[in-house]
Amino acid sequence: MRILAVSDIESKYIWDYFDPAVFAGVDLMISCGDLKAAYLSYLVTMIPAPLFYVHGNHDYSYFADPPEGCVNIDGKVITYRGLRIAGLGGCRGNMPEKLQFSEPHMEKRVRRLEQEIKKGREVDIFVTHAPPLGFGDGKDEFHRGFKSFLVFDEVHCPKIHLFGHHHLPASPVNRQAVFRHECTTMINASGYRLVDIDSL
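Right under this line is the structure:
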């Protein structure tokens, strides 16, 4: 299955210079947050695939005006074409109303998500806005990853963990964006990434 993952930066190669050949065969789109609602709605009009998203820390406008044609998976576990996908939005901070969470608060959100996971088999894809601690995160407190995400990956072993928040040069082949930890491939989707889940 071919996945288009996007996050944080509206890519000019999609927004301004869309080439259908580049995105041919995309089966699924995932947004890791902090993108304009209009950008996500544009994607679903240009690519014949569903788009699932979590909230970034700048996406509180989605509550009143969500991206049209897209599916919110923040705090949920869904199944699409046999893949189980779990999502958690937000980043570090102490303003939940602005999608900024302390580590203890995020741990509670993870535990609630795990209750949903127990209703079926393990997840294949974990989608977050913030990174897991120590993998693709930043040095300042606001951009540090969550330990609870790292523990989630170690316990549940998703095949892929997609995240954003920490901006990288918007190259779809940036090797700094891909990490391997135990059984999980972690990918920073800043800009956009094309991922073939069957090749991982």
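Per the numbering used here, residue 187 is the first one in the sequence shown, and the count goes up by one each step. Note that CB positions come from ideal geometry on N, CA and C, so glycine has one too.
Given that a residue counts as buried once 16 or more other Cβ atoms are within 10 Å of its Cβ, and exposed if not, what is residue 232? exposed
Given that a residue counts as buried once 16 or more other Cβ atoms are within 10 Å of its Cβ, and exposed if not, what is residue 370? buried
Take every Cβ of the segment 196–209, pair it with every Cβ of the segment 254–270, and state whether three or more of those distances are shorter than 8 Å. no
As an exercise, report each continuous beta strand (DSSP E) stretch of at least 3 residues that is fully enclosed by the segment 235–314, in chain order. 237–239, 263–266, 269–274 and 311–314
Whole-angstrom distance between residue 315 and residue 352, CA atom to CA atom: 9 Å
CB-CB length for residue 227 against residue 193, believed under 8 Å: Rounded, the Cβ-Cβ distance is 16 Å, inconsistent with contact.
Between the alpha carbons of residue 240 and residue 261, how many angstroms are there, rounded? 8 Å
Euclidean distance between Cα positions of residue 187 and residue 263: 19 Å
Report the three-state DSSP secondary structure of residue 372 (helix, strand or coil). strand
Output needed for residue 244: all residues of its chain with C-beta closer than 7 Å, excluding positions within five of it in sequence on either side, in chain order. 220
Helix, strand or coil: how does DSSP classify residue 203 here? coil
Looking at C-alpha atoms only, which residue of 235, 246 and 195 is the closest neighbour of residue 225? 195
Considering Cα atoms alone, identify which of 214, 201, 204 and 203 is closest to residue 380. 214
Quick one: measure Cβ to Cβ for residue 365 and residue 321, integer angstroms, because I've assumed they're closer than 8 Å. 5 Å
Determine the burial state of residue 292: buried for a count of at least 16 other Cβ atoms within 10 Å of its Cβ, exposed for fewer. buried
Helix, strand or coil: how does DSSP classify residue 385 here? helix
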